[in-house]
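Participant: Below are the structure tokens for one structure; questions will follow.
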Amino acid sequence: MTDTMTEADPATRPRRAESLHGRPATSDRRREPSPRRRPTLPRLSPRHWLVAAVVGLLLLFGAALAYLTADPSGREVGLDRLSELAGAGAVEKATFLDEDARVVVTTAGGEQFWVAYPASDSATSALLQELTASGAQVSVDAQPGKAVTRIVATGLLPLMVLAALFGLFFVGGRDGGASDIRGFGTLGKRGGGRATPPAVTFADVAGADEAVTELREVVEYLNDPGRYAALGANPPKGVLLFGPPGTGKTLIARATAGEAGVPFFSVAGAEFVESLVGVGAARIRDLFASVRAVAPAIVFIDELDAAGRRRGGAETGGSEEREQTLNQLLVELDGFAASAGIVVMGATNRPDILDPALLRPGRFDRHVTVDQPDRAGREKILQVHSRGKPLAADVDLAVVARRTPGFTGADLANVVNEATLLAIREGRSLIGMPDLVEAIERVLGGPQRRGRILGDEVRRRIAVHEAGHAVVAGAMGQEVHRVSVVSRGSGLGTVGLAGGEEAVLLTAAELADRITVAMSGRAAEEILLGSASTGSEDDLARATEIAREMVLRHGMSPTVGRVRLTGSAADVFLGGQAATGELSQDLRRRVESETARLLDAGFERAADVLLAHRAVVEGLVSVLLAEESLEGSALERHLQAVVPTT
1 MTDTMTEADP
11 ATRPRRAESL
21 HGRPATSDRR
31 REPSPRRRPT
41 LPRLSPRHWL
51 VAAVVGLLLL
61 FGAALAYLTA
71 DPSGREVGLD
81 RLSELAGAGA
91 VEKATFLDED
101 ARVVVTTAGG
111 EQFWVAYPAS
121 DSATSALLQE
131 LTASGAQVSV
141 DAQPGKAVTR
151 IVATGLLPLM
161 VLAALFGLFF
171 VGGRDGGASD
181 IRGFGTLGKR
191 GGGRATPPAV
201 TFADVAGADE
211 AVTELREVVE
221 YLNDPGRYAA
231 LGANPPKGVL
241 LFGPPGTGKT
251 LIARATAGEA
261 GVPFFSVAGA
271 EFVESLVGVG
281 AARIRDLFAS
291 VRAVAPAIVF
301 IDELDAAGRR
311 RGGAETGGSE
321 EREQTLNQLL
331 VELDGFAASA
341 GIVVMGATNR
351 PDILDPALLR
361 PGRFDRHVTV
371 DQPDRAGREK
381 ILQVHSRGKP
391 LAADVDLAVV
401 ARRTPGFTGA
411 DLANVVNEAT
421 LLAIREGRSL
431 IGMPDLVEAI
441 ERVLGGPQRR
451 GRILGDEVRR
461 RIAVHEAGHA
471 VVAGAMGQEV
481 HRVSVVSRGS
491 GLGTVGLAGG
501 EEAVLLTAAE
511 LADRITVAMS
521 GRAAEEILLG
531 SASTGSEDDL
541 ARATEIAREM
551 VLRHGMSPTV
561 GRVRLTGSAA
571 DVFLGGQAAT
581 GELSQDLRRR
591 VESETARLLD
601 AGFERAADVL
611 LAHRAVVEGL
621 VSVLLAEESL
631 EGSALERHLQ
641 AVVPTT
């Protein structure tokens, strides 16, 4: 019915209302008493009984301890006072309490006090004889009740408490407790399982067009799994998302579920691995049982390498629990029918250590790379994260994207958020371009440290160092968009270069240019100030890394030869090895000699550029000392006299 119930008009209201059974209901008609229902007590689960048992046992344990440690009535006196009273015949009654190790004494005057047992049995016997000789009434109370209580409190009760806690730990998850050791337990309560699809769709994903294209087939399968079964096709059962941290693997998985309109179960691989054997396998069984009940659905396992490491290797340590967990996961992946409508998605930045059985056809056979976005992708990501935020007219997201090479989606989201916070801190209602520029610097180097007091000589050395970087980078054809001598984090100054980190392939000449730019700060210090400083440490480390990569990985040394001798530390996270073997001493000496030659060549080349443009360097130093930062058109005017090298 679409009509709503409203109050009747007084003129048309009936005089007598009809009862539910159609008979007139009068005010003087007595209602028949309804039969009284017997109150029902809520049914207690085993977990509730165990909790009550633990509480009761603890209370009983506390009461027993209080009973055992209670002192006798009266005040305490020393043995000397008792001997004095016994010698004077003033002790009327003395009771030895065996369990308490106390002597309760009543004097002839009715006063009552107690004395602790002497330190030795012989002294206790002497005290007993002394009291007996004084004519006092002496007795010994064995205190059998306290003896039994002591045995129960120190032996039986702790065991009962431990047994109850152990039982609570095992059966707590049957009633939705947080300590289900045998099943997955609180998956839904932790937010891992969603009965409704996520609100995120592919429209909220930017900078990962190739990944979205690959996953549209998964969406089609989830929307109509029967079509795949009718044609006898094998549907995509497992999708592996791999790439560097912060590139949006979890977001893409949630967007896939949101685009398909299916429930999304998100768990971490580490949640399946416990110290007790069999726990992880049981949790996987319970998880997939829950997913089958609401299929079609998506199961997303983040950090898949935590549960899917290669079996039998040194990295797994032969863990039986980890292997059982992986075996159960493999069984569950094989158990999906074509019409089940379940897709398992995993994410990792270590695909090289996954077990081969996990990656074979029929399991995680669809591999999707989620890499760092390019310039166009970064601009789209910035547009997504700035959606709904008040941007000033001077904001150019394309410029921001050009200044953030190598940034992931998480980094760009952090940039937009930092810019918003800066605008709020300054009391502005719009986010301006200076806020975004400062946010980039904060993400790269940390907040400004203007409170750090530096001497004039130190400030000039920093300015010379950064000016040298800027001039040589301009001569190498790199775009310099900002130079600053403001301290940030552990750095004393910064030079912003745009676009140089996105090259897919690098020639030996381009790598040599990068070494030259890295060595230019040190060269500027030696030319203009006569000596170098420790401020070149990071530059020297970067230049050394590039030179060693040229020699060891890329075969760009005529002395060592066209051979790959080792891997890169960065490859460990994306399929490589840290090292392929030990180098001989002779080969190691040749590698070190060739590395030093490349560094010296880069230094000499940077020095030649700086000597040819010394006036430009000194002019830039003067401006930096006065204004601290230089960017945009003002920086371009100073660098326009720099002649590019061929």
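First residue of the sequence shown: 1, per UniProt numbering; consecutive thereafter. Quick reminder that beta carbons are idealized off the backbone N, C-alpha and C, glycines included.
(1) Mark R387 as exposed unless 16 or more other C-beta atoms lie within 10 angstroms of its C-beta, in which case mark it buried.
(2) Is the region 481-489 touching the region 620-633, taking contact as three or more C-beta pairs under 8 angstroms?
(3) Examine the ligand ZN and report whether any of its heavy atoms sits within less than 7 angstroms of the Cβ of V331.
(4) Please report the residue range of the alpha helix (DSSP H) in which R438 lies.
(5) Output the distance between the C-alpha atoms of F288 and R428, rounded to the nearest integer angstrom.
(6) Report the three-state DSSP secondary structure of R460 (helix, strand or coil).
(7) By DSSP, does E628 sit in helix, in strand, or in coil?
(8) Which value, in whole angstroms, describes the spacing of the CA atoms of R514 and I546?
(9) Spatial neighbours of V294 within its chain, please: C-beta separation below 6 angstroms, excluding the five flanking residues on both sides.
(10) Among the residues of its own chain, which have a CB less than 6 angstroms from the CB of E323, if the five just before and after it don't count?
(11) Taking 8 angstroms as the threshold (C-beta atoms), are G341 and P225 in contact?
(12) Which runs of the alpha helix (DSSP H) fall wholly inside the region 335-380 and span at least 4 residues, in chain order?
(13) Please determine if the region 534-542 and the region 506-523 are in contact, where contact requires at least 3 C-beta pairs separated by less than 8 angstroms.
(14) Just list the alpha helix (DSSP H) runs in the region 377-429, keeping only unbroken ones of 4 residues or longer that don't cross its boundaries, in chain order.
(15) What is the DSSP secondary structure of S487, reduced to helix, strand or coil?
(16) Let me know the secondary structure DSSP gives S584 once reduced to three states.
(17) Using a Cβ cut-off of 8 angstroms (strictly closer), state whether A473 contacts chain D.
(18) Do you know how far the Cα of M345 is from the Cα of R589?
(19) Would you give the residue range spanned by the alpha helix (DSSP H) that L241 belongs to?
(20) How would you call V617, buried or exposed, if buried means at least 16 neighbouring beta carbons within 10 angstroms?
(21) Under the three-state reduction of DSSP, which class applies to H469: helix, strand or coil?
(22) Name the residue from P244, A270 and L330 whose alpha carbon lies nearest to the alpha carbon of R360.
(23) With H, G and I counted as helix, E and B as strand and the rest as coil, what does DSSP make of S34?
(24) Would you kindly work out how many angstroms separate the C-alpha atoms of R81 and D141, rounded to a whole number?
(25) Just list the alpha helix (DSSP H) runs in the region 128-162, keeping only unbroken ones of 4 residues or longer that don't cross its boundaries, in chain order.
(26) Report the rounded CA-to-CA distance for F166 versus G56, giving the unit in angstroms.
(27) In the structure shown, what three-state DSSP assignment does F309 receive?
(28) Taking DSSP's pairing of strands, which residues face A107 in a bridge?
(29) Of the choices L583, W114 and Y221, whose alpha-carbon is the least far from that of G232?
(30) So, using beta-carbon positions, are I298 and Q328 closer together than 8 angstroms?
(31) With distances taken Cα to Cα, identify the nearest neighbour of A157 among A532, F61, F242 and V517.
(32) Between G602 and the rest of its own chain, which residues show a CB-CB distance below 6 angstroms, the 5 nearest in sequence each way excluded?
(33) Should V115 and V77 be called a contact, given that it needs their Cβ atoms to be closer than 8 angstroms?
(34) Would the beta-carbon of D374 fall within 8 angstroms of that of T247?
(35) Distance check for E130 and E84, CA to CA, integer angstroms please.
(36) DSSP state of E271, grouped into three classes?
Facilitator: Taking the structure as given:
(1) exposed
(2) yes
(3) The model on display carries no ligand, and the ligand ZN is accordingly not part of it.
(4) It is Glu, not Arg, that sits at residue 438 in the sequence shown. It spans M433 to G445 - the alpha helix (DSSP H) in which E438 sits, taken as one unbroken run.
(5) 51 angstroms
(6) helix
(7) coil
(8) 8 angstroms
(9) P263
(10) R311
(11) yes
(12) 356-359
(13) yes
(14) 397-402 and 409-425
(15) coil
(16) coil
(17) Chain labels in this structure do not include chain D; a single protein chain is all it has.
(18) 47 angstroms
(19) From DSSP, L241 is part of no alpha helix (DSSP H) but of the beta strand (DSSP E) over G238 to F242.
(20) buried
(21) helix
(22) L330
(23) Residue placement at S34 cannot be trusted, given a pLDDT of 48 that sits under 50; what the coordinates show is reported in the next sentence. S34 falls in the coil class under three-state DSSP.
(24) 22 angstroms
(25) 144-151
(26) 16 angstroms
(27) Reading off the sequence, residue 309 comes out as Arg, not Phe. Three-state DSSP puts R309 in a strand.
(28) For the sequence presented, residue 107 should be read as Thr rather than Ala. Its beta-bridge partners are V91.
(29) Y221
(30) no
(31) A quick correction: the sequence has Leu, not Ala, at residue 157. It is F61.
(32) I515, T516 and M519
(33) yes
(34) no
(35) 11 angstroms
(36) helix
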